[in-house]
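Asker:
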Amino acid sequence: MREVRISLVGFGIVGHGVLEVVRRKRELLRNMGLDLRVVSVTDIKGTLFDGDGIDPSRLHGAKTLEGIANLGIIGKEAIQEIDSDLVVEVTPTNIVHGQPGLGHIEEALKLGKHVVTSNKGPLVVAFNHLQELAQDNGVMLKYEATVGGTMPLISLIEKNLVGNEILSIRGIFNGTCNYILTRMMEEKYTYSYALTEAQELGIAEADPAYDVDGIDTAGKVVILANSIFGMDAKYDDVSVTGIRDITPEALNLAWERGYLVKLIGEVPALTVKPMLVPRRSPLAVGGTLNVASIETDLSGTITVTGLGAGSIETASAIVSDVVSIYTSRQIDP
Ligand SMILES: NC(=O)c1ccc[n+]([C@@H]2O[C@H](COP(=O)([O-])OP(=O)(O)OC[C@H]3O[C@@H](n4cnc5c(N)ncnc54)[C@H](OP(=O)(O)O)[C@@H]3O)[C@@H](O)[C@H]2O)c1
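Heads up, the sequence shown is in the numbering used here, so the first residue is 1345 and it goes up one at a time.
Here is the structure:
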């Protein structure tokens, strides 16, 4: 049985999901020869440490570690001090400077710890630097959950499409925009009415700019460009148009001609913009779903769809990445 000591940094929606998935899948993972133990959880209040593995029931459904943390260390210090093999980094995304996640991931990699993250910021800002750091230190950096949440895209290309040249990837990478456009189309809502509904349902943030202006999708386009196409793209290289100016009339006109309007990110074109998608196209998914069509030289076009967000769903992608590190033959973990 291989014991894997995990430090979890960030204790929000995804952090809670990771603790829960590790607990729920404990036996399944043990049957695979892996004893995954989340030995520490860190947020901005402190760190909860238990070398035997933290039992989520001990947290009594707490939203933060206030009054629960047993160590007064956070951030890079916690990553240094805790004896762990792997860091799961799930702090908030900032695609301008990448912090605090960038510092956390750099620290972990320098210390020879594998990193799995759902945090786009550090990868948008410094993808190639972080991959080099991982290689120099003989560890792995995995980030499936940064693009499309639980939808398998990066691992699908890396594992199952080996030998294929990837010609392009086009997709819907933001569930909030897809939900708003779907409701505008189906219910004839205005943009602002559909946005308000999405906010009331918790699908859109109070400040929706990050989603509706295409910033989130552009970040994912940068990650795909650098990871799949070996580019050195930065956020500013992406041409970005969001969905604020789309009217129900435009959606209706498109529908009458056999199309839907979707916010599409495209690589290596490095574009994010509303585009016409044939109603019968595999890209024509509704609600909060994400979708990606991968155009290849050998396998034709392969389309995957799935939930781009959610606590357990995103945690599923993270735990899959953790498992893949210990079942990979590339590096002796
Ligand atoms: N939610 C999803 O479905 C989803 C899907 C795919 C990717 N992601 C990405 O995954 C990451 C986590 O998302 P989330 O929804 O879990 O966010 P969240 O609910 O806002 O949680 C972030 C957590 O990080 C903590 N934090 C902030 N600064 C920190 C620091 N310096 N050190 C340690 N912890 C710190 C926050 O504490 P406070 O709350 O006390 O500030 C909070 O516990 C984000 O980068 C997000 O973009 C999320």
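Here a beta-carbon is modelled for each residue, glycine too, at the ideal position from N, C-alpha and C.
If Phe1355 sits next to Val1385, beta carbons under 8 angstroms apart, how far is it from one beta carbon to the other, in whole angstroms?
Answerer: Confirmed, Cβ separation roughly 5 angstroms.
Asker: According to DSSP, simplified to helix, strand and coil, what is Ser1512?
Answerer: Here Ser1512 sits in strand by DSSP.
Asker: Of the residues Asp1427, Ala1489, Thr1615 and Tyr1603, which one's Cα is nearest the Cα of Asp1396?
Answerer: It is Asp1427.
Asker: Out of Leu1474, Leu1415, Lys1407 and Ala1489, point me to the one whose CA is closest to Ala1661's CA.
Answerer: Measuring from the Cα of Ala1661, the nearest candidate turns out to be Ala1489.
Asker: For Pro1612, which three-state DSSP category applies?
Answerer: In the structure shown, Pro1612 sits in coil (DSSP, three-state: anything other than H, G, I, E or B).
Asker: For the region 1440 to 1456 against the region 1624 to 1643, do three or more pairs of beta-carbon atoms, one drawn from each stretch, fall closer than 8 angstroms, so that the two count as touching?
Answerer: Counting Cβ pairs under 8 angstroms, fewer than three are found: no touch.
Asker: Could you have a look at Ser1462 and say whether DSSP puts it in helix, strand or coil?
Answerer: In the structure shown, Ser1462 sits in coil (DSSP, three-state: anything other than H, G, I, E or B).
Asker: Is there contact here, the region 1521 to 1538 with the region 1564 to 1582, by at least three beta-carbon pairs under 8 angstroms?
Answerer: Verdict: no, contact absent.
Asker: Output needed for Ile1569: all residues of its chain with C-beta closer than 7 angstroms, excluding positions within five of it in sequence on either side, in chain order.
Answerer: The sequence given here has Ala at residue 1569, not Ile. The answer, listed in chain order, is Met1575, Ala1577, Val1611, Pro1612 and Leu1614.
Asker: On the DSSP bridge assignment, give the partners of Pro1626 in chain order.
Answerer: Answer by DSSP bridge pairing: none, since Pro1626 is not bridged.
Asker: Can you find the residues in the same chain that come closer than 6 angstroms, C-beta to C-beta, to Thr1391, ignoring five residues on each side of it along the sequence?
Answerer: Same-chain partners within the cutoff: Ser1384, Ala1413, Leu1415, Ile1417 and Ala1422.
Asker: Tell me which residue opens and which closes the beta strand (DSSP E) that Thr1640 is part of.
Answerer: Unbroken beta strand (DSSP E) run through Thr1640: Leu1633 to Thr1640.
Asker: By Cβ distance, which residues of its chain are closer than 7 angstroms to Cys1521, with the 5 residues on each side in sequence left out?
Answerer: The residues are Asp1555, Val1556, Ile1587 and Leu1607.
Asker: Can you tell me whether Pro1592 is helix, strand or coil according to DSSP?
Answerer: Pro1592 falls in the helix class under three-state DSSP.
Asker: Once DSSP output is grouped into helix, strand and coil, what is the label at Arg1601?
Answerer: Here Arg1601 sits in coil by DSSP.
Asker: With a threshold of 6 angstroms, establish whether the CB of Val1358 neighbours any heavy atom of ligand 1.
Answerer: Flag set: Cβ of Val1358 near ligand 1.
Asker: Helix, strand or coil: which one does DSSP assign to Pro1400?
Answerer: Note: Pro1400 maps to helix in three-state DSSP.
Asker: Taking 8 angstroms as the limit between beta carbons, can you name the residues of its chain near Met1345, skipping five residues before and five after?
Answerer: Result list for Met1345: Arg1374, Gly1377, Leu1378 and Asp1379, in chain order.
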